[in-house]
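Asker: In the numbering used here, the protein residues as written are 1265 to 1605.
C-beta atoms are modelled at their ideal positions from N, C-alpha and C, and glycine is treated no differently.
Structure in structure tokens, see below.
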Ligand SMILES: NC(=O)c1ccc[n+]([C@@H]2O[C@H](COP(=O)([O-])OP(=O)(O)OC[C@H]3O[C@@H](n4cnc5c(N)ncnc54)[C@H](O)[C@@H]3O)[C@@H](O)[C@H]2O)c1
């Protein structure tokens, strides 16, 4: 018997299940979800039940069920929202099942293993008239939102180029399955590249051609690429240069060069640097960002999902992202040849 207080809580709070209780769930998604007002984690699902139990203990989620399969939650009406944080090879199956059961879905990037699989998820979303949000959380980082806002307001004039660096040291990432280092969803370009590619799509729009160079594997035991340079020609005439690497200090930053100015933003800083020709002379100025830069982009992104405001990347953009990654691999196989889309 549930008492009146519990009944009201069930009605007023959004019931969320997290499927895949590995590294990103433990480090970012669960802590972020706990800060989303009105969201309640009601189930933790992992094929390796110990992972679900570990998350339950770490975050004292004693009232959340721990389960082994998505099938155990599909008919549970108290769970309306599902966060998919499993390796990419299971995203399509899990997202399609969840959408067809009427759940709202937040899927970690990359959306799927291939653009073809991504399109199947998109079809399921359309058939079910469901909600699908993607884990492109950096669109919600205050610094990058400020850059977007300034570009839209014409601060830098016509944008000539965008350089995005997404550099990490992948070795210490506490992956549970190690999928990042296998052909099934791993590799710096496939696994990490979607973030900066999404930033480029968001800031500069449609892409008409792609060129890519995969750099030498620095770890000779790796089965996958560990660094990549990707060049995107946008329909607007702008160019993006993206550098992803797993052999570096952690750094995620960007420089935008426009006909009237330059902007630089970095993850974690609460200001961006800007140089506006002719207005502030040639001095760099520091511009504050609008919302607290220290609130995690995961929290903003999951808040957007739970509230249904859907201000992040669209499912169509997530499929486009997979098409761009596939084109980048095609280009790398032919020594950086430009591939038209
Ligand atoms: N947005 C970001 O910044 C960010 C950061 C890191 C990882 N990710 C993405 O998050 C996803 C997970 O990455 P990770 O590093 O946490 O991986 P991980 O290997 O650490 O964890 C994955 C977990 O999923 C479980 N699992 C696998 N298949 C399952 C299934 N069918 N049903 C239920 N559980 C299943 C595994 O047992 C494991 O515990 C990947 O898509 C990755 O690219 C995103």
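Taking the C-alpha atoms as reference points, what is the distance between residue 1352 and residue 1580?
Answerer: Rounded to the nearest angstrom, the two C-alpha atoms are 17 Å apart.
Asker: Less than 8 Å between the CB atoms is what I'm expecting for residue 1447 and residue 1494, so what's the real figure, rounded?
Answerer: That pair is no contact at about 19 Å.
Asker: Looking at ligand 1, does it come within less than 8 Å of residue 1463, judged from the CB to the closest heavy atom?
Answerer: Every heavy atom of ligand 1 is 8 Å or more from the Cβ of residue 1463, so no.
Asker: In chain order, what residues of the same chain have a beta carbon less than 6 Å from the beta carbon of residue 1526, not counting five sequence neighbours either side?
Answerer: Counting only Cβ-Cβ distances below 6 Å, and skipping sequence neighbours, we find 1539.
Asker: Within 8 Å: the Cβ of residue 1305 and any heavy atom of ligand 1?
Answerer: Because no heavy atom of ligand 1 lies under 8 Å away, the Cβ of residue 1305 does not count as near it: no.
Asker: Where do the ends of the beta strand (DSSP E) carrying residue 1281 lie?
Answerer: Per DSSP, residue 1281 belongs to the beta strand (DSSP E) from 1278-1283.
Asker: Residues in the same chain with beta-carbon distance under 6 Å from residue 1282, minus the five sequence neighbours each way, listed in chain order, please.
Answerer: The answer, listed in chain order, is 1289, 1308 and 1347.
Asker: Go to residue 1565, then tell me how far its beta strand (DSSP E) extends in each direction, as first and last residue.
Answerer: Run containing residue 1565: none in the beta strand (DSSP E); it sits in the alpha helix (DSSP H), 1561-1571.
Asker: Using a 10 Å radius around the Cβ and a threshold of 16 neighbouring Cβ atoms, would you call residue 1354 buried or exposed?
Answerer: By the 10 Å Cβ count, residue 1354 comes out buried.
Asker: Given 8 Å as the limit, is there contact between the segment 1357-1369 and the segment 1383-1391, that is, 3 or more CB pairs closer than that?
Answerer: A contact exists between the segment 1357-1369 and the segment 1383-1391.
Asker: Give every residue of the same chain whose Cβ lies closer than 8 Å to the Cβ of residue 1552, excluding the five residues on either side of it in the sequence, and list them in chain order.
Answerer: Taken in chain order, the residues that qualify are 1534 and 1535.
Asker: Under DSSP, the alpha helix (DSSP H) around residue 1306 begins and ends at which residues?
Answerer: Note, residue 1306: premise wrong, no alpha helix (DSSP H); beta strand (DSSP E) at 1303-1309.
Asker: Contact between the segment 1374-1383 and the segment 1508-1525 is defined here as three or more beta-carbon pairs at a separation below 8 Å; is this criterion met?
Answerer: Because the criterion of three Cβ pairs below 8 Å is not met, the segment 1374-1383 and the segment 1508-1525 do not touch.
Asker: What three-state label does DSSP hand residue 1495 in the structure shown?
Answerer: Strand at residue 1495.
Asker: Could you say which of 1336, 1295 and 1340 lies nearest to residue 1321 if we only look at CA atoms?
Answerer: Per the Cα distances, 1295.
Asker: Residues in the same chain with beta-carbon distance under 8 Å from residue 1469, minus the five sequence neighbours each way, listed in chain order, please.
Answerer: Correct list, in chain order: 1498, 1499 and 1500.
Asker: Let me check you understand the geometry: is the CB of residue 1356 closer than 8 Å to at least one non-hydrogen atom of ligand 1?
Answerer: No.
Asker: If I'm right that residue 1398 touches residue 1576 with Cβ under 8 Å, what's the distance once you round it to whole angstroms?
Answerer: About 6 Å separates the two Cβ atoms, so the contact holds.
Asker: In the DSSP assignment, find the beta strand (DSSP E) that holds residue 1528 and state where it starts and stops.
Answerer: Unbroken beta strand (DSSP E) run through residue 1528: 1525-1530.
Asker: To the nearest angstrom, how far is the alpha carbon of residue 1503 from that of residue 1280?
Answerer: Whole-angstrom Cα-Cα distance: 40 Å.
Asker: Between the C-alpha atoms of residue 1461 and residue 1427, what's the straight-line distance to the nearest angstrom?
Answerer: Cα-Cα distance, rounded: 11 Å.
Asker: By Cβ distance below 7 Å, which residues in the same chain neighbour residue 1381 in space, the five residues on each side in sequence not counted?
Answerer: Same-chain partners within the cutoff: 1356.
Asker: Look at residue 1297 and residue 1570 and say whether their C-beta atoms are less than 9 Å apart.
Answerer: In contact: residue 1297 and residue 1570 (Cβ atoms closer than 9 Å).
Asker: Helix, strand or coil for residue 1401 per DSSP?
Answerer: Correct three-state label for residue 1401: helix.
Asker: Could you please give me the residues that DSSP links to residue 1537 through a beta bridge?
Answerer: Residue 1537 is bridged to 1528 and 1550.
Asker: Determine the burial state of residue 1327: buried for a count of at least 16 other Cβ atoms within 10 Å of its Cβ, exposed for fewer.
Answerer: Classification for residue 1327: exposed.
Asker: For residue 1508, tell me which candidate among 1564, 1591, 1434 and 1529 has the shortest Cα-Cα distance.
Answerer: The shortest Cα separation from residue 1508 among 1564, 1591, 1434 and 1529 belongs to 1434.
Asker: Leaving aside the five residues before and after residue 1530 along the sequence, list all residues of the same chain whose C-beta is less than 6 Å from its C-beta, in chain order.
Answerer: Result list for residue 1530: 1517, in chain order.
Asker: Counting C-beta neighbours from all protein chains within 10 Å, is the total for residue 1315 16 or more, i.e. buried, or is it exposed?
Answerer: Residue 1315 is buried by the Cβ-count criterion.
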